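Engineer: For the sequence shown, position 91 matches number 104 in my numbering, and the numbering has no gaps at all. This is the structure I have questions about; it appears just below.
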Amino acid sequence: MTGFLLRWAVAFGLLTLTFNPTAWNYLDWSRRSYGEQTPLIVLLGLLLLMGYVIYLRATFRSIGGFGMIMVIAVVAALFWVLYDYGLLTVRDESELVWLGLLVLSLVLGIGLSWSHVRRRLSGQSDMDDVSE
């Protein structure tokens, strides 16, 4: 469980570093600082891109596009139930953005963790193709 929480937290950090409703994110900072800090913007952008490549590649390999849609659908249905019972309220647009970041980070966290879950359930390990 702690492995999943760590993978989910890193995914959430990656997404929120890239964009969030506050002024403290890569996209807003890079727009404000483009002329003065272009080399640093490019370097940090490439590091973020590397993080996305790792997470997205692992997620597509483990749960695929259909699995990603299913995770989003289940979490959206959960939010709908919580909203319907009055346990979740959305007062403004920034709360919707935070919920979206939470959903996307759960998709990436589950995608990166799914091979570990499958191995525990089935006793079989996933292997990458040898020709790659």
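Glycine included, every Cβ here is placed at the ideal spot set by N, Cα and C. All figures in this text were calculated on a predicted structure; none of them were measured in a lab.
(1) Provide the residue span of the alpha helix (DSSP H) that contains residue 89, from first to last.
(2) Give a yes or no on whether the C-beta atoms belonging to residue 130 and residue 85 are separated by under 8 angstroms.
(3) Give the single residue among 49, 127 and 66 whose Cα lies nearest to the Cα of residue 28.
(4) Since residue 116 is in the alpha helix (DSSP H), which residue starts that stretch and which ends it?
(5) Exposed or buried, what is residue 118 when buried is set at 16 or more other beta-carbons lying within 10 Å of its beta-carbon?
(6) Cβ atoms of residue 124 and residue 71: under 8 angstroms apart, would you say?
(7) What does a CB cutoff of less than 6 angstroms around residue 34 pick up in its chain, not counting 5 residues either side in sequence?
(8) Which one of 38, 19 and 25 has the shortest CA to CA distance from residue 112?
(9) Using 10 angstroms around the beta-carbon of residue 135, count the other beta-carbons present and answer buried if the total reaches 16, otherwise exposed.
(10) Counting C-beta neighbours from all protein chains within 10 Å, is the total for residue 76 16 or more, i.e. buried, or is it exposed?
(11) Going by alpha carbons, who is nearest to residue 19 out of 53, 126 and 132?
Structural biologist: The structure says:
(1) 77 to 97
(2) no
(3) 66
(4) 106 to 135
(5) buried
(6) yes
(7) 107 and 110
(8) 25
(9) exposed
(10) buried
(11) 126
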